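Chains A and B, in that order, are what the protein sequence lines are. Under the working numbering, the residue at position 260 of the first sequence is numbered 260, and the numbers go up by one with no gaps. So the working numbering is basically just the index in the second sequence, starting at one, shifted up by 272.
Number of protein chains: 2
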Amino acid sequence: MARLVRELMQQTGAAPSDCLGVGIGCPGTIDAISGRVIYSNNLAGRVDIPLAESIASALQLPVRISNDANYAALGECVAGAARGCRSAVLLTLGTGVGGGVVWDGKVFEGGPGGMELGHTLLRTGGEPCTCGRKGCVEAYCSATALIRDAARAARSQPQSRLNQLCGSDLSRMNGKIPFDAAQAGDPAAQEVIADYLHHLGEAVTDMVNIFRPEIVLLSGGICAQGAVLTEPLNRYVQEHAFAGRWLKTPPVCIAGLGADAGLIGAACLLDG
Amino acid sequence: MARLVRELMQQTGAAPSDCLGVGIGCPGTIDAISGRVIYSNNLAGRVDIPLAESIASALQLPVRISNDANYAALGECVAGAARGCRSAVLLTLGTGVGGGVVWDGKVFEGGPGGMELGHTLLRTGGEPCTCGRKGCVEAYCSATALIRDAARAARSQPQSRLNQLCGSDLSRMNGKIPFDAAQAGDPAAQEVIADYLHHLGEAVTDMVNIFRPEIVLLSGGICAQGAVLTEPLNRYVQEHAFAGRWLKTPPVCIAGLGADAGLIGAACLLDG
Numbered sequence: 001m002a003r004l005v006r007e008l009m010q011q012t013g014a015a016p017s018d019c020l021g022v023g024i025g026c027p028g029t030i031d032a033i034s035g036r037v038i039y040s041n042n043l044a045g046r047v048d049i050p051l052a053e054s055i056a057s058a059l060q061l062p063v064r065i066s067n068d069a070n071y072a073a074l075g076e077c078v079a080g081a082a083r084g085c086r087s088a089v090l091l092t093l094g095t096g097v098g099g100g101v102v103w104d105g106k107v108f109e110g111g112p113g114g115m116e117l118g119h120t121l122l123r124t125g126g127e128p129c130t131c132g133r134k135g136c137v138e139a140y141c142s143a144t145a146l147i148r149d150a151a152r153a154a155r156s157q158p159q160s161r162l163n164q165l166c167g168s169d170l171s172r173m174n175g176k177i178p179f180d181a182a183q184a185g186d187p188a189a190q191e192v193i194a195d196y197l198h199h200l201g202e203a204v205t206d207m208v209n210i211f212r213p214e215i216v217l218l219s220g221g222i223c224a225q226g227a228v229l230t231e232p233l234n235r236y237v238q239e240h241a242f243a244g245r246w247l248k249t250p251p252v253c254i255a256g257l258g259a260d261a262g263l264i265g266a267a268c269l270l271d272g
Numbered sequence: 273m274a275r276l277v278r279e280l281m282q283q284t285g286a287a288p289s290d291c292l293g294v295g296i297g298c299p300g301t302i303d304a305i306s307g308r309v310i311y312s313n314n315l316a317g318r319v320d321i322p323l324a325e326s327i328a329s330a331l332q333l334p335v336r337i338s339n340d341a342n343y344a345a346l347g348e349c350v351a352g353a354a355r356g357c358r359s360a361v362l363l364t365l366g367t368g369v370g371g372g373v374v375w376d377g378k379v380f381e382g383g384p385g386g387m388e389l390g391h392t393l394l395r396t397g398g399e400p401c402t403c404g405r406k407g408c409v410e411a412y413c414s415a416t417a418l419i420r421d422a423a424r425a426a427r428s429q430p431q432s433r434l435n436q437l438c439g440s441d442l443s444r445m446n447g448k449i450p451f452d453a454a455q456a457g458d459p460a461a462q463e464v465i466a467d468y469l470h471h472l473g474e475a476v477t478d479m480v481n482i483f484r485p486e487i488v489l490l491s492g493g494i495c496a497q498g499a500v501l502t503e504p505l506n507r508y509v510q511e512h513a514f515a516g517r518w519l520k521t522p523p524v525c526i527a528g529l530g531a532d533a534g535l536i537g538a539a540c541l542l543d544g
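Right, dumping it as structure tokens:
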């Protein structure tokens, strides 16, 4: 990573004195204060490495580090769909469900191991989650969960369009097929999507009841669905959030920067 | 309220110049920035009154206002069971379930209508909650919920000690009887308590996964049970929290200041 930064500096002709520092967004459990990566599935489980210190010593530049979803939320506030907002909650709907919170214009870190918004419950004793619990948001709202439920529906209803669209090979099921099949009027797919939206509505309502941010953002491949997601979600949240009758609820929107959100957020971090 | 403050100042011989100001802890949805009480069940629903401004103008003193559970959490950090902690989450287990969060030594307010930690889900579609949703923490972990479940068990198992202890008058069921009956070996009561502890364990695990505070505190009448609550809860959280295998989870303890916590917290608020 340090070598890559040096190469980039050479390519752009930037001297170390031109750089405020290096911001690192990393998946998993980060201790932002000590700059350590404590635990990350994507870096072989328990690691506990002093990543910030290592990179700082190699480059002789200040380094700050946080969870990648935190930075994506910050990037969206600086230059994306939450531009101008001082607070936002971002949920990333991918293989898992990540969460990032910006409060008062800054990343809200929580303690190390916290801000795992995808690992809060929707249904105690429900679907098994990657974290070892049962019934977490991740187990219902990730793309993985949607694919699981679509494959189940296809298996139990072989005449469904869900089967046709993956050529009767359920290993080819993806997060787009159930939306396409539902749109084409397939009842099995419509049930899968209704369930998915219900669970996502509940998850977003929880985030609203906890933080009441100015905006809630969703990112990840599923968000290509746009208003198919956000219209029912906005209705759901207004109807179900605490005191939703009296208080306007924050808008639920699709994030705007894709994979750049984390880069922009990590770069901004050296500002504050 | 202003009259009461004036009387207290007279009784103690304090001049307005001796007072830093007035801190008000109020149940319900507070906008701490504008100082308005927006919504409170205990103040006739929707109120939207500028309480801070009214009291400030009557007393000619600065006024700050927040939700009462927030102040209780702050009070516990200053002078109670969380003394010395810079972060804490407090759940109040009473008629409902309130929540307060202290972060970096200060009340973390969230936006108006937020920090409703009792109105996050444990079971989508579950028991009806006072907020209109189904399956919230409040619908399983409040004293009201425990009493409901104990009365149900007593009704379906008339030979149970639960019935004996309330003289077969279920309107006399309270939050202590199911613990007493369980301790005396009554199977129906033991099941009620096991369920209650399971749900409370799930709720606290969620708070740990979201905030990862230094400590989690419980308050309310049920907390007279002491270690009967905290021992199983601490085991549950260590076992089920995110990365609990790798990271020590925060201790779950009983709050120390009772009803004084909110008073102390509200007084401290003028400090920051």
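Idealized CB from N, CA, C, for every residue including glycine. Small disclaimer: the values here were computed from a predicted structure and weren't measured.
Asked: Residues near A/Glu127 in its chain [Cβ-Cβ closer than 6 Å; skip 5 each side]; Found: Ala139
Asked: Nearest-angstrom Cα separation, counted from A/Arg148 out to A/Gly256; Found: 27 Å
Asked: Beta carbon proximity, A/Gly98 to chain B, threshold 8 Å; Found: no
Asked: Any 3 or more C-beta pairs closer than 8 Å across the stretch 426-445 of chain B and the stretch 401-417 of chain B; Found: no
Asked: Contact under 8 Å by Cβ, A/Ala32 with A/Ser66; Found: yes
Asked: Three-state class that DSSP yields for B/Ile327 in the structure shown; Found: helix
Asked: Buried/exposed call for A/Asp48, threshold 16 Cβ in 10 Å; Found: exposed
Asked: Where the alpha helix (DSSP H) containing B/Cys413 begins and where it ends; Found: 410-413
Asked: Range covered by the beta strand (DSSP E) that runs through A/Thr92; Found: 88-93
Asked: Neighbour flag for B/Met281 against chain A, beta carbons, 8 Å; Found: no
Asked: Beta-carbon spacing of A/Leu233, A/Gly201 below 8 Å; Found: yes
Asked: Any chain B beta carbon closer than 8 Å to A/Arg133; Found: yes
Asked: Three-state secondary structure assigned by DSSP to B/Ile310; Found: strand
Asked: Helix, strand or coil at A/Thr29 [DSSP, three-state]; Found: strand
Asked: Three-state class that DSSP yields for A/Asn67 in the structure shown; Found: strand
Asked: Burial state of B/Ser312, where buried means 16 or more other Cβ atoms lie within 10 Å; Found: buried
Asked: Contact with chain B by A/Pro281, beta-carbon distance below 8 Å; Found: The requested residue 281 of chain A does not occur in the structure, where chain A is confined to residues 1 to 272.
Asked: Contacts of B/Pro400 in chain A (Cβ-Cβ under 9 Å); Found: What B/Pro400 touches in chain A: nothing, since even the nearest Cβ is about 13 Å away.
Asked: CB contact below 8 Å: B/Asn506 versus chain A; Found: no
Asked: Closer than 8 Å to chain A by CB, B/Pro424; Found: The sequence given here has Arg at residue 424 of chain B, not Pro. Not an interface residue.
Asked: Minimum Cβ-Cβ distance from B/Arg355 to chain A less than 8 Å; Found: no
Asked: Proximal residues of chain A, C-beta to C-beta of B/Pro485 below 9 Å; Found: Gly110, Gly111, Gly114
Asked: Within chain A, partners of B/Asp478 - CB distance below 7 Å; Found: Thr120, Leu121
Asked: B/Ile465, DSSP secondary structure in three states; Found: helix
Asked: A/Gly23 - DSSP class collapsed to helix/strand/coil; Found: strand
Asked: Whole-angstrom C-beta distance between B/Gly347 and B/Cys540, which should lie under 8 Å; Found: 7 Å
Asked: Where A/Ile285 meets chain B, residues with beta-carbon distance less than 9 Å; Found: The structure shown does not extend to residue 285 of chain A, since chain A is modelled only from 1 to 272, so the question has no answer here.
Asked: In chain order, each alpha helix (DSSP H) run of at least 4 residues that lies wholly inside the stretch 205-255 of chain A; Found: 227-240
Asked: Rounded straight-line distance, which links the Cα of B/Asp340 to that of A/Thr249; Found: 22 Å
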